[in-house]
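Quick mapping for you: the protein sequence lines, in order, are chains R and Z.
Count along the first sequence from 1, add 19, and you get the number used in this note's numbering.
Count along the second sequence from 1, add 19, and you get the number used in this note's numbering.
For each residue, glycine too, the CB sits at the ideal point set by N, CA and C.
This structure is a prediction, so every number in the text was calculated from the model and none was measured.
2 protein chains.
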Amino acid sequence: MTLSDITIAVDSMGGDHGPSVTIPAALRVLAKHNTLRLILVGDSEVLEQELRAHQSTVDRSRLTIHHTSQRVEMDESPASALRGKKDSSMRVAINLVKDSTADACVSAGNTGALMATARFVLKTLPGIDRPAIISVFPTIIAGKSMHMLDLGANVDSSGEHLFQFAVMGSVLVSALENIPEPKVYVLNIGAEDIKGNDQVKQAAQLISQSNAINYAGYIEGDDIYKGEADLIVCDGFVGNVALKTTEGVAILFIKLLKRAFYQNIYTKLVGLLAKPIMKMLVKWIDPDRYNGASLIGLQGIVIKSHGGANIAAFANAIEQAIAQAEKNIPQLISAKVEHLLKASSKINPEE
Amino acid sequence: MTLSDITIAVDSMGGDHGPSVTIPAALRVLAKHNTLRLILVGDSEVLEQELRAHQSTVDRSRLTIHHTSQRVEMDESPASALRGKKDSSMRVAINLVKDSTADACVSAGNTGALMATARFVLKTLPGIDRPAIISVFPTIIAGKSMHMLDLGANVDSSGEHLFQFAVMGSVLVSALENIPEPKVYVLNIGAEDIKGNDQVKQAAQLISQSNAINYAGYIEGDDIYKGEADLIVCDGFVGNVALKTTEGVAILFIKLLKRAFYQNIYTKLVGLLAKPIMKMLVKWIDPDRYNGASLIGLQGIVIKSHGGANIAAFANAIEQAIAQAEKNIPQLISAKVEHLLKASSKINPEE
């Protein structure tokens with residue numbers, strides 16, 4: 020798909036900040052890509068009001084408002100969102116992907132509700148049992164990023180599920196990062212074959228036997244950010260703990276750094292001198308740049324932004340949606356899975 | 020137990036550096052506590068040679084060498100260590116705890132072998148199904164530390180196992196940190212009751228129903244280091260990933276910080292000025308100070324030092340052993356479990 024054909028549906032009411040972040044972010048992306056079309060989904064009155072505040076930059080010819088009367092709350096249960104919010108901005112944005120009005124949708128809304136609704140509306144791809152959450156992370160090697168899944172869509176993933184995650188992740192990384200054979204690792208608690216739980220061992224066996232995946236072995240938590248892996252596969256409980264622990268340690272580090280610089284007149288002075296250096300450090304890690312996780316394995320593209328995303332971060336989530344629509348990620352995954360299923364039926368014709 | 024009665028067995032051959040770290044560390048601790056007795060376990064010739072290098076500081080009256088002919092390699096399998104290394108420094112140090120010659124033992128040797136050997140020789144306490152690995156961590160709040168278990172002894176822990184970890188951990192934290200009712204959290208991937216896997220939900224239910232534990236709720240990965248929790252309970256696979264991810268992020272941060280300071284003449288100059296501040300930062304986190312995890316739930320005290328520990332770090336692991344011996348941690352756990360079992364048999368007399 021070329022950029023000129025792409026339409027993205029934006030859940031404009033989602034996230035901690037709602038339209039005050041989603042609208043300026045949408046306008047920023049619209050201005051950057053001069054053939055892109057956006058559908059802003061939400062309360063039309065509120066959205067029009069927010070748009071008026073940015074009047075000078077609005078190109079209305081490529082921007083549609085799709086009115087909805089409801090909003091999924093950030094702490095609402097998936098069941099309540101699914102049953103009671105059929106005209107929510109989240110649900111309707113996903114519906115627009117389902118009926119091919121949009122090529123992808125983006126939401127900063129509550130993760131549980133988004134997952135449940137996306138799965139219910141879009142369904143998983145043939146041959147895929149469960150969707151997963153995949154995201155991209157920085158590494159120690161400058162310019163080298165790493166993808167990891169699942170980050171919390173599934174708990175208690177079996178070896179077969181982890182294998183499917185590896186297939187889907189390989190397709191995505193290969194297409195988005197232009198890596199012909201991404202190096203795939205399985206997250207474990209030891210590099211030796213005897214370590215780990217049964218699911219991880221079974222996954223390693225399935226992945227290493229498949230020609231579709233460039234399996235590189237087990238990886239431990241302390242090697243995640245070393246830049247060797249293109250893709251790391253794990254259960255959603257484990258991946259979510261790893262992701263959030265990373266956030267926790269980063270916050271700990273930044274707070275301790277600030278405390279160290281605020282000790283006395285000398286350290287404060289050095290802190291002042293070090294400010295541009297610290298800014299550079301933050302720019303390297305740049306959480307905004309890495310905003311935008313995907314719900315992978317569905318018949319459609321759904322991008323999940325961090326709930327607390329600022330304008331730059333939410334704009335990056337929309338960019339993620341564009342990149343995945345350009346590459347037709349769900350179709351690529353579907354083709355790969357179909358190929359694998361055919362290959363395995365040749366080997367085991369009875370199955 | 021008072022300090023004057025305490026004897027610690029030191030696996031002097033273990034770790035990446037062996038006697039060149041374990042012996043000076045042992046001598047440092049011996050000099051600090053003037054009634055402590057140490058048994059240095061290992062190749063007597065090698066140990067004597069290392070001792071001669073530190074001749075001036077050696078008090079031989081409180082120091083014994085226990086000769087052993089074998090050494091467990093750092094990459095040796097638990098099965099090989101258990102079956103083939105019956106006269107290893109690791110095995111004999113644990114034997115000395117078993118026959119009450121020593122009150123605790125310390126090893127920087129291979130974790131898998133140490134766990135398997137300790138469990139085989141010492142056995143679990145009555146009422147405890149599985150030993151766990153517990154360690155202490157710094158938090159954002161100055162002077163406040165946090166304990167976490169299991170860090171890798173068990174994969175696929177059931178809700179009942181997690182409950183036992185909570186009981187053991189509460190007893191240890193209460194005794195070592197002088198906190199009458201430590202705040203216990205269960206690591207999960209969301210703060211809501213509906214989230215998480217079945218094991219975690221069952222654990223939360225068991226823990227919240229028990230008077231023996233001050234249950235505070237679920238905690239997510241990004242809140243681990245915020246200082247609210249005294250104890251965090253999780254499965255060993257998950258805990259190990261959290262622990263190692265923490266190490267990985269810390270290394271990432273330090274490397275990026277160095278890179279930021281090494282960019283040009285200005286940043287290098289600021290880096291020079293910032294050096295004492297960075298040292299202070301590292302001192303706060305101080306991985307040496309937090310060295311020394313415990314294998315908890317056994318009929319004896321076994322402290323696991325990091326394999327790469329330096330002298331200061333290994334000395335801290337010995338200090339951990341002393342602290343636990345002083346408090347009789349295994350006896351305290353045993354008493355608590357016995358009390359719980361009696362209480363539950365009163366409620367369910369048929370069981």
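Counting along the chain, the unbroken alpha helix (DSSP H) around S108 (chain Z) starts and ends at 108–117. According to the DSSP assignment, I304 (chain Z) belongs to no beta strand (DSSP E) but to the alpha helix (DSSP H) extending over 284–304. For V125 (chain Z), the closest alpha carbon among the candidates Z:L57, Z:I270, Z:E200, Z:Q89 is that of Z:L57.
Proximity of the stretch 279–289 of chain R to the stretch 159–169 of chain R falls short of the contact definition, fewer than three beta-carbon pairs being nearer than 8 Å. Apart from sequence neighbours up to five positions away, no residue of its chain approaches A354 (chain R) with a beta-carbon distance below 6 Å. The CB of K104 (chain Z) never comes closer than 9 Å to any CB in chain R; the least such distance is about 17 Å.
Within the same chain, and ignoring the five residues on either side of I113 (chain R) in sequence, the residues whose Cβ sits closer than 7 Å to its Cβ are C124, T136, A137, V140, L141, V321. Here the C-alpha atom of D35 (chain R) lies approximately 8 Å from the C-alpha atom of A127 (chain R). Per DSSP, the unbroken beta strand (DSSP E) holding I84 (chain Z) starts and ends at 82–86. Against chain R, a Cβ distance below 9 Å from A223 (chain Z) picks out nothing, because the smallest value is about 14 Å. With a cut-off of 8 Å on Cβ pairs, the stretch 67–82 of chain R is in contact with the stretch 43–50 of chain R, counting three or more such pairs. Burial check for I243 (chain R): the Cβ neighbour count within 10 Å reaches 16 or more, so the residue is buried. Going by DSSP, T26 (chain Z) is part of no alpha helix (DSSP H) but of the beta strand (DSSP E) stretching over 26–30.
The alpha carbon of A332 (chain Z) has as its nearest neighbour, out of Z:T26, Z:F156, Z:T41, the alpha carbon of Z:T41.
Membership of R56 (chain Z) in any alpha helix (DSSP H) is not indicated; the residue belongs instead to the beta strand (DSSP E) covering 56–61. Cα atoms of G326 (chain Z) and C253 (chain R): separation of roughly 26 Å, rounded to the nearest angstrom. Among the residues of chain R, none has a CB under 9 Å from the CB of F139 (chain Z); the nearest is roughly 17 Å distant. D148 (chain R) sits close to Q183 (chain R), with the two beta carbons spaced by under 8 Å.
In this structure, R:S119 is the residue among R:H73, R:K105, R:I159, R:S119 with its C-alpha nearest to the C-alpha of A28 (chain R). Setting aside the 5 residues that flank it on each side, A328 (chain Z) is surrounded in the same chain by G34, V40, A127, N310, A336, each with a C-beta closer than 7 Å to its C-beta; the list follows chain order. Against Y244 (chain Z), the close residues of chain R are G267, V268, L271, in the order they occur along the chain (beta-carbon pairs closer than 7 Å). For E239 (chain Z), the neighbours in chain R by C-beta distance under 7 Å run, in chain order, K263. A Cβ-Cβ separation of about 6 Å places I208 (chain R) in contact with F256 (chain Z) under the 8 Å criterion. Proximity of the stretch 187–203 of chain R to the stretch 228–245 of chain Z falls short of the contact definition, fewer than three beta-carbon pairs being nearer than 8 Å. Rounded to the nearest angstrom, the Cβ distance from I348 (chain Z) to I25 (chain Z) is 13 Å, too far for a contact under 8 Å.
As summarised for the stretch 209–292 of chain R, the continuous alpha helix (DSSP H) elements at least 4 residues long and confined to that stretch are 217–228, 255–280, given in chain order.
When rounded, the separation of the alpha-carbon atoms in I251 (chain Z) and E345 (chain R) is 44 Å. DSSP links M165 (chain R) through a beta bridge to R:F156.
Straight through space, the alpha carbons of A248 (chain Z) and A194 (chain Z) are spaced by roughly 16 Å. Of the residues assessed, R110 (chain R) falls on the buried side of the cut-off, its CB having 16 or more other CB atoms within 10 angstroms. Judged by beta-carbon spacing, T130 (chain R) lies beyond the 8 Å limit of K263 (chain R), meaning their Cβ atoms are not closer than that value. In the same chain as I160 (chain R), and ignoring 5 residues on each side of it, the C-beta atoms closer than 7 Å to its own belong to G246, in chain order. If you check each beta-carbon in the stretch 247–261 of chain Z against every beta-carbon of chain R, the ones closer than 9 Å belong to C253, D254, G255, F256, V257, G258, N259, V260, A261.
Ranking Z:F280, Z:V268, Z:M297, Z:L191 by CA distance to the CA of A279 (chain R) puts Z:M297 first.
The continuous stretches of alpha helix (DSSP H) do not include I147 (chain Z), and DSSP gives it neither H nor E. Here DSSP, grouped into helix, strand and coil, assigns A121 (chain R) to coil.
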